[in-house]
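Peer 1: There's a structure below that I have some questions on.
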Amino acid sequence: MTERVPVLKIGDVLLVSIQVDLEDQTVLDLQDDLAARIVATGASGVVIDITAVEIVDSFVGRMLATTAAISRMLDAETVVVGMRPAVAITLVELGLSLGGVRTALTLEKGLDMLARPDSRPPAKP
Amino acid sequence: MTGMREGVTSVAEQEISTRLVELLTQQRESLGAAWLENVSATLRGRISVAELDRELRELYSALVDGLRTGGFDWQGDSYAEVRALLGELSRNRARQGFSPTETAVSVLAGKEILEPTTETSAEDIHAYLRLSRLMDALGLYTLEVYAKTREEIISAQSEQLMELSTPVVKLWEGVVAVPLVGTLDSARTQVVMEKLLQTLVDTGSDQAIIDITGVPAVDTEVAQHLLKTVVAARLMGAECTISGIRPQIAQTIVALGIQFGDIVTKATLADALKHALRRNSVDLGRAGGAA
Chain Z
1 MTERVPVLKI
11 GDVLLVSIQV
21 DLEDQTVLDL
31 QDDLAARIVA
41 TGASGVVIDI
51 TAVEIVDSFV
61 GRMLATTAAI
71 SRMLDAETVV
81 VGMRPAVAIT
91 LVELGLSLGG
101 VRTALTLEKG
111 LDMLARPDSR
121 PPAKP
Chain Y
1 MTGMREGVTS
11 VAEQEISTRL
21 VELLTQQRES
31 LGAAWLENVS
41 ATLRGRISVA
51 ELDRELRELY
61 SALVDGLRTG
71 GFDWQGDSYA
81 EVRALLGELS
91 RNRARQGFSP
101 TETAVSVLAG
111 KEILEPTTET
121 SAEDIHAYLR
131 LSRLMDALGL
141 YTLEVYAKTR
151 EEIISAQSEQ
161 LMELSTPVVK
171 LWEGVVAVPL
181 VGTLDSARTQ
191 VVMEKLLQTL
201 VDTGSDQAII
211 DITGVPAVDT
221 EVAQHLLKTV
231 VAARLMGAEC
241 TISGIRPQIA
251 QTIVALGIQF
261 GDIVTKATLA
271 DALKHALRRN
281 SVDLGRAGGA
291 A
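These protein sequence lines map, in sequence, to chains Z and Y.
The numbering used here numbers the first residue of the first sequence as 1 and each following residue consecutively.
The numbering used here numbers the first residue of the second sequence as 1 and each following residue consecutively.
Encoded structure:
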C-alpha cells in the first residue's frame, strides 16, 4: 500500500532519510517505526534528513515536532537536517517554528552535532 | 431614419475630409513650417530643429494620408502609420525626460496652423473644427503612450532597485551577511529571506548576520519580518545575528515592546562577526580536533 520510510542505524544514531512525498499515513507509520526502533536499538540520536522534501504542510511540520518530542521521551536527541529554503519559509508562514527541534544545514553537520550534545542550545520559538 | 442620417453624416464627413486634404496638400510647405515653428517655440532648443522637422514631416504626410483614406476614424487601419509615429515620438520624449506638455505640443500645435480668420468661409471653419477634434484625440493618444512609457520605466527601476538592494556577502568561511539598506516591506523581506536562505545552502554557512544599519526605521512590521527570517534560518540549522542597531532604533524597539526573544543582537557588524566567528571556531575546533 503506502510506502514506508526506511529507518537506518549508523552506530548509535538512527538515520531517517525521507525520499518520498509525505502522505499523512506515511508520516504516522514513520512515527510508529521510529519509536519502535529507538526502543529496540537503544539509539541515542535520530537524524531526519528532509533534503528531498519539497512540499510541506502544517501536518508534516507538526509531525517533525512530535517525532522530536517522542524521541526525547525515549532519550534520543533529534536533529532535522537539509531543510530547503522554500520549506523553511513555508513553515514560518504557517507559524510553526519547531520549538525544541534541533536543526543543521547538512547531514554531516547533524551527525557532528549529535556527537557532541549540549554544545548549542536547541532552537526556541 | 437613423441609417439615413448616418449616411448623410458620412457623406458630409467625406466632403470635409476631402476639403482638409486639399487645404493641407496645397499649402504643405507653409503649414509644415508653421507647425514646426509652433513646436520648437515650446521645446526651446531641447531637441534639434532638424530632428523635429523630420518627425513632423513624417507625421504631416501620414496625417494627410490618413485623412484621405480613412476620414476621421483615427482608430482605424488608415491611421496605423500616424499612431505608430506618435507612439514612437511619445516614447522617445518620455525616455528623454520631457514633460507631458512638451510631448503633447507636437500634436496639438498642429491645430493652430489652420486656425480660421475672418476671411475663412463657413465650410472651412466647419472643417477646421472637425480637424481640431481629430487632433485632440491624437493628442490624448500621445499622452496615453507617454504615461504608459513612464510607468514602464518606473516599474523597471523598482525591479532593479530590488535586485540591487539585497546583496548577500560572504564575510568568512561559514559566515554570510546581508547589509540591508532602505525601508523594509513585505516584498523586500521575502526577497531578502529567500536570497539569504539560498546562500546558506549554497555556501554551507551556518552563521548569518543581518545588518540593519541602513534601515531608517524599525516598526512592529519590520521587526516581524526580521524575526521570520531569523526563525527560517534556524529551521535550516543556521544561527542568525542581527547587527547595526542604532541607539534610537534600540529605544524604539523597547518602547514598542517588541520581543526579540533569544535572538542575538549586536550594535555593530564587527561585533556580530566576532560573535559568529567565536561560535564557529568552537565548532571547527571540536570537529577538526585542532585548536
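The beta-carbon is built from N, C-alpha and C at its ideal position, and this holds for glycine as well.
All figures in this text were calculated on a predicted structure; none of them were measured in a lab.
Quick check on DSSP: helix, strand or coil for R120 of chain Z?
Peer 2: Bear in mind that a pLDDT of 48 at R120 of chain Z, under 50, signals an unreliable position, so the number given afterwards is only what the model happens to contain. Three-state result, R120 of chain Z: coil.
Peer 1: What is the DSSP secondary structure of A291 of chain Y, reduced to helix, strand or coil?
Peer 2: Reliability of the predicted coordinates at A291 of chain Y is poor, the pLDDT of 39 falling under 50, and the value obtained from them is presented with this limitation in mind. Coil.
Peer 1: Going by DSSP, what residues sit across from R28 of chain Y in a beta bridge?
Peer 2: In DSSP, R28 of chain Y forms no bridge with anything.
Peer 1: Short check: CB of L22 of chain Z to CB of V53 of chain Z, under 8 Å?
Peer 2: Yes, the pair counts as a contact, with Cβ atoms nearer than the cut-off.
Peer 1: What separation, rounded to the nearest whole angstrom, lies between the Cα atoms of V81 of chain Z and T106 of chain Z?
Peer 2: If I take the Cα positions, the gap works out to 5 Å.
Peer 1: With a threshold of 6 Å on Cβ separation, who are the neighbours of V82 of chain Y within its own chain once the five nearest residues in sequence on each side are excluded?
Peer 2: Answer for V82 of chain Y: A62, L63, G66, listed in chain order.
Peer 1: Please report the residue range of the beta strand (DSSP E) in which Q207 of chain Y lies.
Peer 2: 207-214 is the span of the beta strand (DSSP E), which, as asked, contains Q207 of chain Y.
Peer 1: Less than 7 Å between C-beta atoms, sequence neighbours within five positions excluded: which residues of the same chain meet that for L24 of chain Y?
Peer 2: For L24 of chain Y, where only same-chain residues beyond five positions count, the Cβ hits under 7 Å are L31, V64.
Peer 1: Leaving out five residues on either side along the sequence, give the residues of the same chain with a beta carbon under 6 Å from the beta carbon of Q149 of chain Y.
Peer 2: With the sequence shown as reference, residue 149 of chain Y is identified as Thr, and Gln is not the correct amino acid for it. Hits under 6 Å: R91, A94.
Peer 1: Determine contact between the segment 95-104 of chain Y and the segment 155-163 of chain Y, defined as no fewer than three beta-carbon pairs at a distance below 8 Å.
Peer 2: At 8 Å Cβ cutoff, the stretches do not touch.
Peer 1: Would you call the CB atoms of M193 of chain Y and K228 of chain Y closer than 8 Å?
Peer 2: Yes, these two residues count as a Cβ contact at 8 Å.
Peer 1: Q198 of chain Y versus chain Z: which residues are under 7 Å apart at the beta carbon?
Peer 2: Under the 7 Å cutoff, chain Z gives P85.
Peer 1: Using Cβ-Cβ distances below 8 Å, what residues of the segment 245-278 of chain Y are close to chain Z?
Peer 2: From the segment 245-278 of chain Y, only G261, D262 have a Cβ closer than 8 Å to chain Z.
Peer 1: I want to know whether the segment 73-80 of chain Y touches the segment 29-43 of chain Y - three or more CB-CB distances under 8 Å.
Peer 2: At 8 Å Cβ cutoff, the stretches do not touch.
Peer 1: Flag D185 of chain Y as yes if its beta-carbon sits less than 8 Å from any beta-carbon of chain Z, otherwise no.
Peer 2: It does not: the Cβ of D185 of chain Y has no partner Cβ on chain Z nearer than 8 Å.
Peer 1: So, at 6 Å on beta carbons, what are the nonlocal neighbours of V27 of chain Z in its own chain, with the 5 sequence-adjacent residues on each side left out?
Peer 2: Only M63 meet the Cβ criterion.
Peer 1: For G100 of chain Z, which three-state DSSP category applies?
Peer 2: Coil at G100 of chain Z, not helix or strand.
Peer 1: Closer than 8 Å by C-beta to M135 of chain Y: which residues in its own chain qualify, once you throw out the five before and the five after it? Chain order, please.
Peer 2: For M135 of chain Y, where only same-chain residues beyond five positions count, the Cβ hits under 8 Å are V107, L108, G110, K111.
Peer 1: Leaving out five residues on either side along the sequence, give the residues of the same chain with a beta carbon under 8 Å from the beta carbon of T166 of chain Y.
Peer 2: The residues are V178, L180, R188, V191, V192, K195.
Peer 1: Going by the CB atoms, is the gap between V39 of chain Z and L74 of chain Z shorter than 8 Å?
Peer 2: For L74 of chain Z and V39 of chain Z, yes; Cβs fall inside 8 Å.
Peer 1: A104 of chain Z: buried (16+ other C-beta within 10 angstroms of its C-beta) or exposed?
Peer 2: Its Cβ being crowded by 16 or more others within 10 Å, A104 of chain Z is buried.
Peer 1: What does the Cβ neighbour count give for Q207 of chain Y, buried or exposed, with the cut at 16 atoms within 10 Å?
Peer 2: By the 10 Å Cβ count, Q207 of chain Y comes out buried.
Peer 1: Counting only C-beta atoms, is I89 of chain Z closer than 8 Å to chain Y at any point?
Peer 2: Closer than 8 Å to some Cβ of chain Y, the Cβ of I89 of chain Z qualifies, so yes.
Peer 1: Considering only their Cβ atoms, is the gap separating A68 of chain Z from G100 of chain Z smaller than 8 Å?
Peer 2: Cβ atoms of G100 of chain Z and A68 of chain Z: closer than 8 Å.
Peer 1: Give a yes or no on whether 8 Å exceeds the smallest Cβ distance from A36 of chain Z to chain Y.
Peer 2: False, the Cβ-Cβ gap to chain Y never drops below 8 Å.
Peer 1: With DSSP collapsed to three states, give me the class of P179 of chain Y.
Peer 2: Strand at P179 of chain Y.
Peer 1: Would you say A104 of chain Z reaches chain Y, if we count a Cβ-Cβ gap shorter than 8 Å as a contact?
Peer 2: Yes - at least one Cβ of chain Y is within 8 Å of the one on A104 of chain Z.
Peer 1: Would V92 of chain Z pass as an interface residue toward chain Y - the criterion being a Cβ-Cβ separation below 8 Å?
Peer 2: Cβ-Cβ to chain Y under 8 Å: yes for V92 of chain Z.
Peer 1: Taking any Cβ of chain Y, which residues in the segment 4-32 of chain Z have a Cβ under 8 Å from it, in chain order?
Peer 2: Against chain Y - using a Cβ distance shorter than 8 Å - the segment 4-32 of chain Z contributes no residues.
Peer 1: Kindly indicate the opening and closing residues of the beta strand (DSSP E) around D75 of chain Z.
Peer 2: Where D75 of chain Z is concerned, there is no enclosing beta strand (DSSP E), given that its DSSP letter is neither H nor E.
Peer 1: Give me the chain Y residues within the contact set of S97 of chain Z, using Cβ-Cβ distance strictly less than 8 Å, ordered along the chain.
Peer 2: Under the 8 Å cutoff, chain Y gives V231, R234, L235.
Peer 1: Could you pull out every unbroken beta strand (DSSP E) segment of at least 3 residues lying fully inside the segment 107-131 of chain Y, listed in chain order?
Peer 2: For the segment 107-131 of chain Y, not a single whole beta strand (DSSP E) run of length 3 or above is found.
Peer 1: Which residue's Cα is closest to the Cα of A217 of chain Y: Y:S17, Y:I242, Y:T241, Y:I249?
Peer 2: When only C-alpha atoms are compared, the closest one is Y:I249.
Peer 1: Which residues of the segment 139-165 of chain Y have a Cβ closer than 7 Å to any Cβ of chain Z? Give them in chain order.
Peer 2: If the cut-off is 7 Å between Cβ atoms, the segment 139-165 of chain Y has nothing near chain Z.
Peer 1: Tell me W172 of chain Y's beta-bridge partners as DSSP assigns them.
Peer 2: Its beta-bridge partners are Y:V175.
Peer 1: Terminal residues of the continuous beta strand (DSSP E) containing V47 of chain Z?
Peer 2: Taken as a continuous stretch (DSSP letters only), the beta strand (DSSP E) holding V47 of chain Z covers 45-49.
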